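Per my numbering, the sequence shown starts with residue 62, numbered consecutively. Heads up, the beta-carbon is just placed ideally off N, CA and C, and yes, glycines get one too. Every value quoted in this text rests on a predicted model; they were computed, and no experiment measured them. Everything below concerns the one structure shown next.
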Amino acid sequence: MRKVFVIGVGNYLLGDEGVGIHIVNRMKEHSLPEKVEVVDGGVGGLFLLEFLEKAEKVILVDAVLGGGKPGDVYIVNSEELERSKIKSLSSLHDMTVQLLVKVAKELNVLPKLFLVGVEPKNYSEIGDALSREVEEAIPKVIETVFRLINDC
């Protein structure tokens, strides 16, 4: 059975930049379908390709700059990602989410993929606390992720 991976990426110690990690940690407290695996992707990198190879669907959760207000939630699929103005804060060890998608396409291992992004407020101050706006967005993000999981 091919899996659905929910992968949170970000730096947990840089405030809102770590929202993806906070979200996957909270999702582990929920009852999940058997085919769903929740992954702390840390700051990411090429190792994420191994999840893409094994997946029916991947949902990446990250802090993104989309030009909105702190706490705004964005959903972008892999086709829209290349031309989107949304910028993922997690550079995935100098590899953007867009580049990860491009490499996966070239290797013919790109599953159905979505980026669920949250507009950050504080993303360069050291500390694991999230801003109020981003904290308040978490239930909406989790609801969005579950909707994407169920849309298989």
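Range of the contiguous beta strand (DSSP E) that encloses residue i
i    : result
N138 : V134 to N138
F66  : K64 to G69
Per-residue burial, residue i [other beta carbons within 10 Å of its own, 16 or more giving buried]
i    : result
H154 : For H154, the predicted model reports a pLDDT of 48, less than 50, meaning its position is unreliable; a value from the coordinates is still stated below. Under this definition H154 is an exposed residue.
K89  : exposed
G128 : exposed
A190 : exposed
P188 : Checking the sequence shown, residue 188 turns out to be Gly, not Pro. Exposed.
S185 : exposed
Among the options, the one whose alpha carbon lies nearest that of residue i
i    : options                  : result
S218 : K201, E180 and V202      : Outside the displayed range of the chain (62 to 213) lies residue 218, so it cannot be described from this structure.
R87  : E95, L74, G69 and E78    : G69
L174 : E78, S185, Y184 and A116 : A116
G105 : K96, L93, E78 and E95    : E78
Unbroken alpha helix (DSSP H) run spanning residue i, endpoints
i    : result
L171 : Unbroken run through L171: none, as it is neither H nor E.
Neighbourhood of residue i by C-beta, 7 Å cutoff - its chain only, sequence neighbours within 5 removed
i    : result
S139 : V162, L171 and L174
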